[in-house]
Ligand code: ADP
Ligand code: MG
């Protein structure tokens with residue numbers, strides 16, 4: 008039975024990035040406005056996500072790290088319009104299953120200044136619990152990811168920790184850019200005790216300010232605000248042949264680096280695409296932006312930050328366990344429409 012748990016939990020937490028992403032999303036779901044992500048030795052030793060969010064109610068202490076326990080999904084129909092990041096109740100239970108230890112310290116407005124520190128075992132059951140002083144919020148500390156439970160994955164992780172860490176930082180940057188009103192600070196402490204801050208946003212009220220905090224002021228001068236509207240005709244229903252099916256409007260909001268000689272840069276690692284504020288893997292969309300750029304004879308890749316505001320009935324977020332792979336209905340039409348609007352936009356900007 009426990010090996011089944013191990014297998015399935017391995018799917019939600021497949022690497023350092025997905026582990027940290029789940030914790031940060033939990034903090035965001037808990038309305039945190041301050042999130043600190045602290046790595047020890049690039050996450051190989053441990054990582055901790057501490058927030059000032061709602062905290063966890065005592066009645067949920069027993070359940071939160073058990074499989075499929077979630078406080079977020081209310082009814083089945085909620086699945087089609089999931090507004091919170093989490094909804095499956097798998098992250099904490101997975102983390103318990105694949106790491107040396109998971110320690111949660113939490114405090115709600117009602118219990119402050121008294122926090123509870125909980126240690127969970129491999130099965131997501133409470134191993135120990137103690138009271139300590141604390142302020143409202145939650146901190147989740149995960150030690151030695153994959154150690155003991157998934158030795159092959161641990162070896163892989165330890166061998167490639169720099170690459171895994173870089174991937175994780177890119178993903179955190181994606182959240183740092185899109186989340187307005189949330190301060191996100193990411194740091195790493197080396198075995199020597201030396202601490203490096205990788206980036207820190209300031210709870211800004213705009214995505215532009217977040218970009219400056221993360222990528223520097225040069226990014227700002229190079230970037231053009233972009234707002235495109237994609238009108239996607241809906242398919243005619245075979246049952247209602249005489250009614251106008253109407254269209255779906257997708258707004259693409261963000262920034263793109265200014266095309267032109269001397270400007271632009273090789274920003275292949277700075278291409279951030281979101282669907283409804285959720286960072287996503289959408290290579291086909293990125294490809295369209297690159298092609299749009301190339302049609303202006305620009306060899307560099309553009310720096311892109313693009314949030315696709317899609318009506319909830321046009322996306323399926325319930326596909327891959329990490330929720331990063333999102334399917335858009337009628338993707339081909341979306342891509343074609345994006346190509347047209349983007350080229351109009353770039354044309355206007357270049358003249
Ligand atoms: P999900 O996010 O899908 O609900 P998780 O396993 O990620 O599942 O979390 C389980 C539950 O633990 C959440 O539903 C929430 O009630 C609680 N929780 C986890 N992290 C936090 C946090 N940082 N602040 C408040 N509650 C949290
Ligand atoms: Mg979650």
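Residue numbers (the UniProt record's numbering): 8 to 358.
Think of the CB as a built atom: it goes at the ideal place given N, C-alpha and C, for glycine as much as any other residue.
Model, not experiment: these values are computed from the prediction.
The beta carbon of residue 113 is closer than 7 Å to those of 62, 63, 122, 123 and 145 in its chain, skipping five residues each way along the sequence.
Under DSSP, the beta-bridge partners assigned to residue 254 are 240.
With respect to residue 184, residue 56 sits apart: the two C-beta atoms are not nearer than 8 Å. DSSP, read as helix, strand or coil, puts residue 308 in coil. By alpha-carbon distance to residue 53, the top candidate from 100, 77, 151 and 19 is 151. In the three-state scheme derived from DSSP, where H, G and I count as helix and E and B as strand, residue 22 is classed as coil. Bounds of the alpha helix (DSSP H) holding residue 183 are 168-185. With a cut-off of 7 Å, the C-beta of residue 58 is classified as near the ligand ADP, since at least one heavy atom of the ligand falls inside that distance. For a cut-off of 8 Å, the C-beta gap from residue 107 to residue 154 is around 5 Å, short enough to register as a contact.
Put simply, the backbone Cα of residue 189 is about 36 Å away from that of residue 240. With respect to residue 136, residue 148 sits apart: the two C-beta atoms are not nearer than 8 Å. The residue from 277, 257, 163 and 310 with its alpha-carbon nearest to that of residue 345 is 257. Residue side-chain check: residue 26 keeps its Cβ at 7 Å or more from all non-hydrogen atoms of the ligand MG.
Counting other Cβ atoms within 10 Å of its Cβ, residue 180 reaches 16 or more and is therefore classed as buried. Judged by DSSP in its simplified three-state form, residue 281 adopts strand. When 229, 143 and 118 are compared, the shortest CA-CA separation from residue 309 is found for 229.
A distance below 7 Å between beta-carbons, with the five flanking residues on each side excluded, links residue 197 to the following residues of its chain, in chain order: 48. Between residue 77 and residue 60, the C-beta gap is not smaller than 8 Å, which leaves the two residues out of contact.
Remark: C-beta atoms of residue 119 and residue 138 do not approach each other more closely than 8 Å. Straight through space, the alpha carbons of residue 50 and residue 195 are spaced by roughly 8 Å. Contact check for residue 182 against residue 176 fails: the beta carbons are separated by 8 Å or more. Ranked by Cα distance from residue 263, the first of 296, 245, 255 and 238 is 296. In terms of Cβ geometry, residue 133 and residue 68 form a close pair [threshold 8 Å].
Around residue 226, the same chain offers 218 as residues with beta carbons nearer than 6 Å, after the five sequence neighbours per side are excluded. Considered as a whole, the segment 27-67 harbours 41-47 and 53-58 as its complete beta strand (DSSP E) runs of no fewer than 3 residues, in chain order. Sixteen is the threshold: since fewer than 16 other Cβ atoms of the shown chains lie within 10 Å of the Cβ of residue 247, the residue is exposed. Taking every protein chain shown into account, the CB of residue 159 has fewer than 16 other CB atoms within 10 angstroms, so this residue is exposed. Between residue 98 and residue 167, the gap from beta carbon to beta carbon reaches 8 Å or more. Scanning its chain for C-beta atoms nearer than 6 Å, with the 5 sequence neighbours on each side dropped, one finds around residue 39 the residues 58, 59 and 60, in chain order. Leaving aside the five residues that flank residue 259 on each side, the residues in its chain whose CB is nearer than 8 Å to its CB run, in chain order, 233, 234, 235, 236, 237, 313, 314, 315, 316, 345 and 348. Between residue 231 and residue 356, the CB-CB gap stays under 8 Å. In the three-state reduction of the DSSP assignment, residue 321 falls in the helix class. Boundaries around residue 300 are those of the alpha helix (DSSP H), 290-301, since no beta strand (DSSP E) includes it. Comparing C-alpha distances from residue 169 to each of 157, 350, 22 and 242 shows the shortest one belongs to 22.
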